[in-house]
Every structure is written in structure tokens, then in C-alpha cells.
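Colleague: End of the sequence shown = 1598 in the working numbering, gap-free, step of one.
Glycine is no exception: its CB is placed at the ideal position from the N, C-alpha and C atoms.
In this text, all values refer to a predicted model and were calculated from it rather than measured experimentally.
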Amino acid sequence: MTQLRRMGISNLSEADEHDLCFSIHNLKLLRTLRLFMNNESEFLRMDALETLPLQLEKLSLGGKLERVPHWFCSLQNLTSLGLLGSRLEEDPLPHVAALPNLGRVTLINSFVGENLHFYSGFAKLKELYLLKFPQLKGIIIEKGTMPDIQKLWIDSCFALDAVPRDIEFLTNLQIM
């Protein structure tokens, strides 16, 4: 089992944290990881995990997170990230903006704050999906951020009353 390259587990519970982290730690060749909680009121706990396999390219986490995992910034080979139902109080963007190979980000109900701020980074990002942010009132995009973005999808962000005014900085945007 230590040779696995792709793994997906659903119906996780908080009680699975230790076994889950131990198993993932031993999967050095893992390239795709998808984890989904069974109960949306429980937290997906991965605090016992020091880091994910260095070769990881695709990561999807489905379930509530107490905080952004400390190892996010170490995922240098990550090309695709999905946070689904995380409901983070902390903006996850600063933790992943500098990942050099990130090409696709899908955030679905992953942040409960009022503003998402794209300060810098996302050098290779081509696709960004922002869905179901009930409290989101603003999206701020700094000049030079997401220089290669081609597709931006914003849906079910009912408190957002206007297109981000800084969208003019996304010169390669083809689909919105």
C-alpha cells in the first residue's frame, strides 16, 4: 500500500485523525489525495500530519477545518487544490498564493469572512472557482496577481453585489 499514487477516502470522522495521518505519512509516492468528512459538523483534523508527500499534485479536502493546515505552503508540486465546506475563519489565500505550480483552485463554502484578498502570487493559476460564500462582500485583486488566469467562476456568493473592481488586472481572463 505504500506505493499508492492516488487515494480518496470518504465518510471520515474526527476519530480517524491519528490513523489517517499515520497512513498518509507513509505514502511517499502519493500524487492525488481526496479526503471527505461524513458529518459536516465535525472537523477534518490533520494536525498530527507534519507534511504531505512532496510529490503531491492534487489535493481535495471536504469538510470543516479549524485552521489552514500548516503544511499547505510546503506543497510545491501541487497543481490543483479544492477546499469544500471548510468554512475557515482565516483567509486561506495567503497560505497557497506562493505555490509555484498551482494551476487550479476550487473553493466551495471554504471561507466565512467578508473579503477575499488576492495580495500577490498565483503565478501559474489558470482556473479559479469561488462558490457558495454566503458572507463574501468583496474580492480584492492586487495588480500582478494571477497573471495567467484564464477562467474565473463566481457563483452563489449572494452578499457579493458587484464584479470585483480590480478585474482589469486580469489581462489573460477569457471566461468569467
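#1: Would you grab the beta carbon distance between Leu1452 and Leu1478 for me? Rounded to a whole angstrom, and I think it's under 8 Å.
#2: By a C-beta neighbour count over all protein chains shown, 10 Å radius and 16 as the cutoff for buried, is Ala1520 buried or exposed?
#3: Roughly how many whole angstroms lie between the Cα atoms of Asn1480 and Asp1583?
#4: Would you say the beta carbon of Phe1544 is closer than 6 Å to some non-hydrogen atom of the ligand SAM?
#5: Cα-Cα, which of Asp1577, Ile1561, Ala1581 and Phe1580 is closest to Glu1590?
#6: CB-CB under 6 Å to Ile1576, same chain, minus the five flanking residues each way: which ones, in chain order?
#7: By DSSP, does Val1518 sit in helix, in strand, or in coil?
#8: Please list, in chain order, all residues of the same chain as His1539 whose beta carbon is under 6 Å from its beta carbon, the five residues on each side excluded.
#9: Could you pull out every residue in the same chain whose Cβ sits closer than 7 Å to the Cβ of Gln1425, ignoring the five residues on either side in sequence?
#10: Is it buried or exposed for Thr1567, if we count other Cβ within 10 angstroms and need 16 for buried?
#11: Between Lys1565 and Ser1482, what straight-line distance do the alpha-carbon atoms span, to the nearest angstrom?
#12: Can you tell which of Thr1454, Glu1472, Arg1427 and Arg1428 has the C-alpha that lies nearest to the C-alpha of Glu1439?
#13: Report the partner residues of Gly1525 according to the DSSP bridge assignment.
#14: Among Asn1461, Pro1514 and Cys1579, which residue has its Cα nearest to the Cα of Lys1554?
#15: Looking at the unbroken alpha helix (DSSP H) that takes in His1539, where does it start and where does it end?
Modeller: From the atom records:
#1: Here the question's residue 1452 lines up with position 30 in the sequence shown. Here the question's residue 1478 lines up with position 56 in the sequence shown. About 6 Å; that satisfies the 8 Å criterion.
#2: Looking up residue 1520 in the sequence shown gives position 98. Exposed, because fewer than 16 other Cβ atoms sit within 10 Å of the Cβ of Ala1520.
#3: Here the question's residue 1480 lines up with position 58 in the sequence shown. Here the question's residue 1583 lines up with position 161 in the sequence shown. Looking at the sequence provided, one finds Lys at residue 1480 rather than Asn. Rounded to whole angstroms, the separation of the alpha carbons of Asp1583 and Lys1480 is 32 Å.
#4: In the structure on display, the ligand SAM does not appear, and there are no ligands present to speak of.
#5: Here the question's residue 1590 lines up with position 168 in the sequence shown. Sorting Asp1577, Ile1561, Ala1581 and Phe1580 by C-alpha distance to the C-alpha of Glu1590 places Ile1561 at the top.
#6: Taking the sequence shown and counting its residues from 1, one reaches residue 1576 at position 154. Excluding its 5 nearest sequence neighbours in each direction, Ile1576 has C-beta neighbours in its own chain below 6 Å: Leu1552, listed in chain order.
#7: In the sequence shown, residue 1518 corresponds to position 96, counting from 1. Val1518: helix per DSSP, three-state reduction.
#8: Position 117 of the sequence shown, counted from the first residue, corresponds to residue 1539. Around His1539: Ile1562.
#9: As a position in the sequence shown, residue 1425 is number 3, starting the count at 1. Residues Leu1451 of the same chain have their beta carbon placed closer than 7 Å to that of Gln1425, with the five preceding and five following residues left out of the count.
#10: By 1-based counting over the sequence shown, the position of residue 1567 is 145. Under this definition Thr1567 is a buried residue.
#11: Your numbering for residue 1565 matches position 143 in the sequence shown. Your numbering for residue 1482 matches position 60 in the sequence shown. When rounded, the distance between both Cα atoms is 28 Å.
#12: The sequence position of residue 1439 within the sequence shown is 17, counting from 1. The shortest C-alpha separation from Glu1439 is found at Glu1472.
#13: Within the sequence shown, residue 1525 is the residue found at index 103, counting from 1. Paired residues: none, contrary to the question.
#14: To locate residue 1554, count along the sequence shown from 1; it is residue 132. Selected option, being the one with the closest Cα: Cys1579.
#15: What you label residue 1539 is simply residue 117 of the sequence shown in a count that begins at 1. In the DSSP assignment, His1539 falls outside any alpha helix (DSSP H) and lies within the beta strand (DSSP E) extending over Asn1537 to Phe1540.
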